[in-house]
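K.L.:
So that we are looking at the same thing, I have put the structure below in structure tokens.
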Amino acid sequence: MPSPIDYSAAGTVFNMQRYSIHDGPGIRTIVFLKGCPLSCLWCCNPESQNPKPEVMYQASLCIHCGKCIKACKFGAIDPQNAGLLDHTKCVACGECVNVCPAGALTMKGQRLTVEQVIQELKRDEINYRRSGGGITLSGGEPLLQSGFAVELLKACHAKGWHTAIETTAYASAEAIETVFPFIDLALLDIKSLNNEIHRKVTGVSNEIILKNAKRISELTETVVRVPTIPGVNASPEGISAICEFVLTLHRVKTVHLLPYHTYGENKYDLLGREYLMDANVSLSAEDAEQLKQIVESYGLNCVIGG
Numbered sequence: 001m002p003s004p005i006d007y008s009a010a011g012t013v014f015n016m017q018r019y020s021i022h023d024g025p026g027i028r029t030i031v032f033l034k035g036c037p038l039s040c041l042w043c044c045n046p047e048s049q050n051p052k053p054e055v056m057y058q059a060s061l062c063i064h065c066g067k068c069i070k071a072c073k074f075g076a077i078d079p080q081n082a083g084l085l086d087h088t089k090c091v092a093c094g095e096c097v098n099v100c101p102a103g104a105l106t107m108k109g110q111r112l113t114v115e116q117v118i119q120e121l122k123r124d125e126i127n128y129r130r131s132g133g134g135i136t137l138s139g140g141e142p143l144l145q146s147g148f149a150v151e152l153l154k155a156c157h158a159k160g161w162h163t164a165i166e167t168t169a170y171a172s173a174e175a176i177e178t179v180f181p182f183i184d185l186a187l188l189d190i191k192s193l194n195n196e197i198h199r200k201v202t203g204v205s206n207e208i209i210l211k212n213a214k215r216i217s218e219l220t221e222t223v224v225r226v227p228t229i230p231g232v233n234a235s236p237e238g239i240s241a242i243c244e245f246v247l248t249l250h251r252v253k254t255v256h257l258l259p260y261h262t263y264g265e266n267k268y269d270l271l272g273r274e275y276l277m278d279a280n281v282s283l284s285a286e287d288a289e290q291l292k293q294i295v296e297s298y299g300l301n302c303v304i305g306g
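Start counting the sequence shown at 1; every next residue gets the next number (the UniProt record's numbering).
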């Protein structure tokens, strides 16, 4: 019998992106969950890292009406502060967001139940069925909210929707065994096989990731994704090491190379944080093609961009 579904299970979601065509087959909705154990220097979703809701401030929209100052009970708003918010004092109660008439203050992250998420996803149910699409969990690291993730995935399967996950694989063995029986496709990030480099650019060791990657590839169809970052892994040696590891995985035949971009750089300002990557670092189309040829020389399919 199918496992019962707890539609009251709640998780912290910071975005639901409709009509995606790059994160699994067909037309998909990406459900972004808050929280990530990694702090990749190039992260394009910095609002995903903190597991708790956060307030973002866009100065260009602010009309300096002062309503947020009166609404904040914690003294976290100072108009003399370039970023307006003191994030060490802000508890993300949302009172300032509620009174902001210009939309300069926005809340990233809200507690939603499985039932609430499913009701939102049902808006595109016909697209999933016609295109062979479905739902992709992303983040952050969705496995940090494994209890919520598994109930949501079970509910999606009950609807007949294809399920996918974008994951760093940095999670407990229990989370892997609980969640992946309900995953149809894993989009698995591998940053570097060099543990010293991995620690430097993500803040964590790659040992758990590599161990979990092997188990994930045994449990479901898996595609390896590599954010190709100059100075980190965008070299013949770096990509070759990743390919050699991929060949040890269970039936993994495809690697996506994801060239470095700065699309999320402005979000750091909105969160009052510094963007630590060199924004001038880039990967040329010619360099990306050379790395693709290396991947293909290992007998693997390769897609630039994923």
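All residues carry an ideal CB built from backbone N, CA and C; glycine is no exception.
Is the beta carbon of Ile5 sitting closer than 9 Å to the one on Lys154?
P.N.:
Contact: yes.
K.L.:
Out of curiosity, what's the CA-to-CA distance linking Gly35 and Ala171?
P.N.:
Cα to Cα, the separation comes out at about 12 Å.
K.L.:
Under the assumption that Gly231 contacts Gln145 (Cβ atoms under 8 Å), give the Cβ distance between them as a whole number of angstroms.
P.N.:
In fact, because the Cβ distance is near 32 Å, the residues do not count as touching under 8 Å.
K.L.:
Report yes or no: do the region 42 to 52 and the region 175 to 189 share at least 3 C-beta pairs separated by less than 8 Å?
P.N.:
Touching, no, given that fewer than three Cβ pairs across the two stretches are closer than 8 Å.
K.L.:
From which residue to which residue does the beta strand (DSSP E) around Thr12 run?
P.N.:
First-last of the beta strand (DSSP E) with Thr12: Ala10 to Ser20.
K.L.:
Mapping DSSP to helix, strand and coil, what is Tyr57?
P.N.:
Here Tyr57 sits in strand by DSSP.
K.L.:
Could you compute how far the alpha carbon of Leu84 sits from the alpha carbon of Leu258?
P.N.:
Cα to Cα, Leu84 sits roughly 34 Å from Leu258.
K.L.:
Identify every run of the beta strand (DSSP E) within the region 152 to 208, keeping only runs that are complete inside it and at least 3 residues long; order them along the chain.
P.N.:
162 to 167 and 185 to 189, all fully within the region 152 to 208.
K.L.:
Give the range of the beta strand (DSSP E) segment to which Pro227 is assigned.
P.N.:
Pro227 -> beta strand (DSSP E) spans Glu221 to Thr228.
K.L.:
Counting only the same chain and skipping the five closest in sequence on each side, list residues whose C-beta sits under 8 Å from that of Lys214.
P.N.:
Taken in chain order, the residues that qualify are Thr248, Leu249 and His250.
K.L.:
Output the boundary residues of the beta strand (DSSP E) element that contains Gln110.
P.N.:
Gln110 to Thr113 is the extent of the beta strand (DSSP E) around Gln110.
K.L.:
For Ile239, does the three-state DSSP call read helix, strand or coil?
P.N.:
In the structure shown, Ile239 sits in a helix (DSSP, three-state: H, G or I).
K.L.:
Does the separation of the CB atoms of Ile239 and Val303 fall below 9 Å?
P.N.:
It is not a contact, given that the beta carbons lie outside the stated cut-off.
K.L.:
With DSSP as the reference, label Cys68 as helix, strand or coil.
P.N.:
Cys68: helix per DSSP, three-state reduction.
K.L.:
Starting from Ser131, trace the alpha helix (DSSP H) in both directions and tell me its first and last residue.
P.N.:
Here the alpha helix (DSSP H) through Ser131 covers Glu125 to Ser131.
K.L.:
Can you tell which of His256, Leu291 and Pro181 has the C-alpha that lies nearest to the C-alpha of His22?
P.N.:
Residue His256 is the option with its Cα nearest to His22.
K.L.:
Whose CA, out of Tyr298, Gly272 and Val281, lies closest to the CA of Thr88?
P.N.:
Of Tyr298, Gly272 and Val281, the residue nearest in Cα terms is Gly272.
K.L.:
If I follow the unbroken beta strand (DSSP E) through Leu33, where does it start and stop?
P.N.:
Where Leu33 is concerned, the enclosing beta strand (DSSP E) stretches over Arg28 to Leu33.
K.L.:
When you compare only the Cα positions, how much space is there between Ser235 and Thr220?
P.N.:
Going by the C-alpha atoms only, they are around 29 Å apart.
K.L.:
Would you grab the beta carbon distance between Ser8 and Glu120 for me? Rounded to a whole angstrom, and I think it's under 8 Å.
P.N.:
Contact doesn't hold; Cβ gap of about 16 Å is too wide.
K.L.:
Would you give the residue range spanned by the alpha helix (DSSP H) that Leu291 belongs to?
P.N.:
Element bounds for Leu291: Ala285 to Ser297.
K.L.:
In or out: Glu151 buried (at least 16 other Cβ within 10 Å) or exposed?
P.N.:
By the 10 Å Cβ count, Glu151 comes out buried.
K.L.:
If you check the beta carbons only, do Phe180 and Leu33 fall under 9 Å apart?
P.N.:
In this structure, Leu33 does not lie closer than 9 Å to Phe180 by Cβ.
K.L.:
Report the option in Ile118, Ile229 and Ser192 whose CA atom is closest to the CA atom of His284.
P.N.:
Position check: residue 284 holds Ser in this sequence, whereas His was assumed. Nearest of Ile118, Ile229 and Ser192 to Ser284, Cα basis: Ile229.
K.L.:
Closest to Gly306 by CA distance: which of Lys211, Tyr268 and Tyr260 is it?
P.N.:
Nearest of Lys211, Tyr268 and Tyr260 to Gly306, Cα basis: Tyr260.
K.L.:
Going along the chain, which residues of its own chain have a beta-carbon closer than 6 Å to the beta-carbon of Ile69, five neighbours each way excluded?
P.N.:
Around Ile69: Ile77.
K.L.:
Tell me the rounded alpha-carbon separation between Ala82 and Ile208.
P.N.:
Taking the straight line joining both Cα atoms gives about 40 Å.
K.L.:
From the DSSP secondary-structure annotation, give me the bridge partner or partners of Gly134.
P.N.:
Answer is Arg28 and His162, bridged to Gly134.
K.L.:
Run the CB neighbour count on Ala59, radius 10 Å, all protein chains shown included, and call it buried at 16 or more, exposed below.
P.N.:
Exposed.
K.L.:
Give the DSSP-derived three-state secondary structure of Leu270 in the structure shown.
P.N.:
The answer is helix: DSSP assigns Leu270 an H, G or I state.
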